[in-house]
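If you want it as structure tokens, here you go:
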């Protein structure tokens, strides 16, 4: 009898005041209201706007239903921005994974001085991305930047690469900047994954004569695969929003060569003031992200069940 | 005699293993610390040192003019704006998020789907939301105000607070609460006197992270601030025009904006993996 009451009390079904019985709902209510008010309401409002022809540089508004969406789908600059973003996601995130995994493998296990090195390696993650962007803009500078200077030492002649204005070098510059900031994120998470692997498994395999690579490939990798997938999803969703670094480094240039989706939508809304069109574009963006979020939802749900 | 040879070769392998690992770490340290070294020294160089081709690496003397310049042109007030907004946003997010996190942890309110609905807000691209929010704020006349940004940052950090605190509340053994409830404590008392004090390390870590996220946020601040409230990242943009660049001042301001964040990160270092993955990795 007592246990039944205790169970009921723990589920919040005690016979107290009404607010004590409904405590669980009262506790989530402020959060729900806040998300609905600041997160969801503006989205509904912008759904309405996305059906309007509303341009601050031209007077009047008119209901045109889906025309903004049709225009957005036919917008070459939008497709360009989308492919720029996808290229950065694919290249940057996979390089971050490889470098992060290598670093995590190097630092996992016993190593004197590890606790001194760790915080130094993690610094880039917490610096504001826009500061990272401006810092690297000074590093990539043709005339006054140290990168050309160091390359000059290696090549034994003056190097004058115009990193951020040359279509062929601007992507490496953006990718290296992005990789500089976020490889430590991968490294930290993979290191947490690696240290959760039972070392006895490695020892047993080593006794059976497995090589270091075989142990990594057939024991470590399968064990940390869920955490790798999680880290990849987190990074991919974050890079999809990429704005700060590109804004500071190139502003989307040269031309629109490095314009990301976020940057293009920002320019449409806050430089060109095409309200209806921007709202429609935002919605298309949300649809793409929702698909990715659904995948994350499944993955996270699976890792919780385990 | 025969047994000493494998022992020797193993220790040799161990030594070379350490050497390779330290070399990799050295290369990584150079790569990850060089930009920080560069911005730090630039803040105390004189213009004829950084606007010199090729650039000078180490300043001849400690030049604090750029910091003085930031005070004279009042850019430094952004430090106060950032503190108020990031601090206020974090406190509000904790205040509203913690009860929800507790409800999710103890009663599993709404199940996984509800928890994920809250989380999904964290992944919405800000650029898709900032535009309607700008229109809403313009109507309410909240653009360029403290409460506008505080409310916005609190909302967008809410999913983070709920997920983080839920995983910390999960760690408080249910038996402790159980016995207090059976002893006749009200749930309020259990919360205040038992659960919350046990979760203080998690609470501090979560607060620090929401502070850092708000402190570093750029897009919302860029769109929703004008002159009265300008956070540090937005203030930094004014030093990079199409024609002119004030690198020394920019470096000094970057340093001012980065040092608090670095100090705070060092304090919550062991929570960093959890903080960056909403509690999914510990």
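Protein chains in written order, with this note's numbering: chain A, 1 to 306; chain B, 307 to 588.
For glycine and all other residues, C-beta sits at the position ideal for the given N, C-alpha and C.
Reduced DSSP category for residue i - H, G, I as helix; E, B as strand; rest coil
{"i": "residue 274(A)", "result": "strand"}
{"i": "residue 51(A)", "result": "coil"}
{"i": "residue 546(B)", "result": "strand"}
{"i": "residue 551(B)", "result": "strand"}
{"i": "residue 363(B)", "result": "coil"}
{"i": "residue 310(B)", "result": "Unreliable placement is indicated for residue 310(B), whose pLDDT of 46 sits below 50; the coordinate value is still reported in the next sentence. The answer is helix: DSSP assigns residue 310(B) an H, G or I state."}
{"i": "residue 351(B)", "result": "coil"}
{"i": "residue 105(A)", "result": "helix"}
{"i": "residue 405(B)", "result": "helix"}
{"i": "residue 264(A)", "result": "helix"}
{"i": "residue 429(B)", "result": "helix"}
{"i": "residue 447(B)", "result": "coil"}
{"i": "residue 257(A)", "result": "coil"}
{"i": "residue 241(A)", "result": "coil"}
{"i": "residue 17(A)", "result": "coil"}
{"i": "residue 357(B)", "result": "coil"}
{"i": "residue 524(B)", "result": "coil"}
{"i": "residue 156(A)", "result": "coil"}
{"i": "residue 113(A)", "result": "coil"}
{"i": "residue 144(A)", "result": "coil"}
{"i": "residue 308(A)", "result": "This structure gives no information on residue 308(A), because the portion of chain A shown stretches from 1 to 306."}
{"i": "residue 139(A)", "result": "helix"}
{"i": "residue 424(B)", "result": "helix"}
{"i": "residue 394(B)", "result": "helix"}
Local Cβ density within 10 Å of residue i, reported as buried at 16 or more and exposed below that
{"i": "residue 596(B)", "result": "With chain B covering only 307 through 588, there is no way to say anything about residue 596(B)."}
{"i": "residue 262(A)", "result": "buried"}
{"i": "residue 291(A)", "result": "exposed"}
{"i": "residue 581(B)", "result": "buried"}
{"i": "residue 84(A)", "result": "buried"}
{"i": "residue 204(A)", "result": "exposed"}
{"i": "residue 218(A)", "result": "exposed"}
{"i": "residue 453(B)", "result": "exposed"}
{"i": "residue 114(A)", "result": "exposed"}
{"i": "residue 22(A)", "result": "exposed"}
{"i": "residue 17(A)", "result": "exposed"}
{"i": "residue 31(A)", "result": "buried"}
{"i": "residue 321(B)", "result": "exposed"}
{"i": "residue 146(A)", "result": "buried"}
{"i": "residue 200(A)", "result": "exposed"}
{"i": "residue 539(B)", "result": "buried"}
{"i": "residue 574(B)", "result": "buried"}
{"i": "residue 282(A)", "result": "buried"}
{"i": "residue 372(B)", "result": "buried"}
Under 7 angstroms by beta carbon: chain A residues contacting residue i
{"i": "residue 282(B)", "result": "Residue 282(B) lies beyond the stretch modelled for chain B, which goes from 307 to 588, so this question has no answer here."}
{"i": "residue 403(B)", "result": "31"}
{"i": "residue 461(B)", "result": "34, 35, 38, 39"}
Under 8 angstroms from the C-beta of residue i: neighbouring residues of chain B
{"i": "residue 301(A)", "result": "418, 422"}
{"i": "residue 149(A)", "result": "360, 361"}
{"i": "residue 24(A)", "result": "409, 412, 413, 415"}
{"i": "residue 241(A)", "result": "431, 432, 433"}
{"i": "residue 180(A)", "result": "337, 338, 341"}
{"i": "residue 289(A)", "result": "429, 430, 431, 434"}
{"i": "residue 285(A)", "result": "431, 433, 434"}
Partner residues on chain A for residue i, Cβ-Cβ distance less than 8 angstroms
{"i": "residue 441(B)", "result": "42, 45, 46, 49, 275"}
{"i": "residue 344(B)", "result": "135, 138, 139, 146"}
{"i": "residue 373(B)", "result": "Near residue 373(B) there are no residues of chain A at all, since even the closest Cβ is about 16 angstroms away, more than 8 angstroms."}
Within chain B, partners of residue i - CB distance below 9 angstroms
{"i": "residue 144(A)", "result": "356, 357, 358, 359, 360, 361, 553"}
{"i": "residue 111(A)", "result": "324, 327, 328, 331"}
{"i": "residue 169(A)", "result": "Simply none; closest approach about 18 angstroms."}
Chain-ordered neighbours of residue i on chain A, where CB pairs are closer than 9 angstroms
{"i": "residue 427(B)", "result": "35, 39, 40"}
{"i": "residue 511(B)", "result": "Simply none; closest approach about 13 angstroms."}
Listed by chain order, chain B residues near residue i by CB distance under 7 angstroms
{"i": "residue 124(A)", "result": "338"}
Short of 8 angstroms Cβ to Cβ, which residues in the region 376-389 of chain B face chain A? Cβ contacts with chain A: none found.
Interface residues of the region 558-587 of chain B facing chain A [CB-CB below 7 angstroms]: Interface annotation for the region 558-587 of chain B against chain A: 560, 563, 564, 567, 568, 571, 572, 575, 578, 579, 582, 583, 586, 587, criterion Cβ-Cβ distance under 7 angstroms.
Continuous alpha helix (DSSP H) assignments of at least 4 residues falling wholly in the region 28-79 of chain A: Qualifying alpha helix (DSSP H) stretches, in chain order: 41-49, 67-73.
Note down, in chain order, all residues in the region 245-269 of chain A with a beta-carbon under 7 angstroms from any beta-carbon belonging to chain B. For the region 245-269 of chain A, the set of residues with a beta-carbon nearer than 7 angstroms to any beta-carbon of chain B comprises 262, 265, 266, 269, in chain order.
Whole beta strand (DSSP E) runs in the region 162-214 of chain A with 3 or more residues, listed along the chain? If we require 3 residues or more, the region 162-214 of chain A turns out to have no beta strand (DSSP E) run fully inside it.
Which residues of the region 127-144 of chain A have a Cβ closer than 8 angstroms to any Cβ of chain B? Give them in chain order. Sequence-ordered contacts of the region 127-144 of chain A with chain B read 127, 128, 129, 130, 131, 132, 134, 135, 136, 137, 138, 139, 143, 144 [C-beta pairs closer than 8 angstroms].
In chain order, each alpha helix (DSSP H) run of at least 4 residues that lies wholly inside the region 363-388 of chain B: Look at the region 363-388 of chain B and you find these whole runs of alpha helix (DSSP H), each 4 residues long or longer: 371-378.
Taking beta-carbon pairs under 8 angstroms, can you tell me which members of the region 474-499 of chain B lie near chain A? Those would be 480, 483, 484, 487, 488, 492, 493, in chain order.
Within 7 angstroms of chain B by C-beta, residues of the region 83-102 of chain A in sequence order: Using a CB distance below 7 angstroms, no part of the region 83-102 of chain A faces chain B.
Using a beta-carbon distance cut-off of less than 9 angstroms, what residues from the region 521-533 of chain B approach chain A? Taking 9 angstroms as the Cβ-Cβ cut-off against chain A, the residues of the region 521-533 of chain B that qualify are 521, 522, 523, 524, 525, 528, 529.
Which ranges would you report for the alpha helix (DSSP H) in the region 446-484 of chain B if only whole runs of at least 4 residues count? Counting only runs of 4 or more, we get 452-477.
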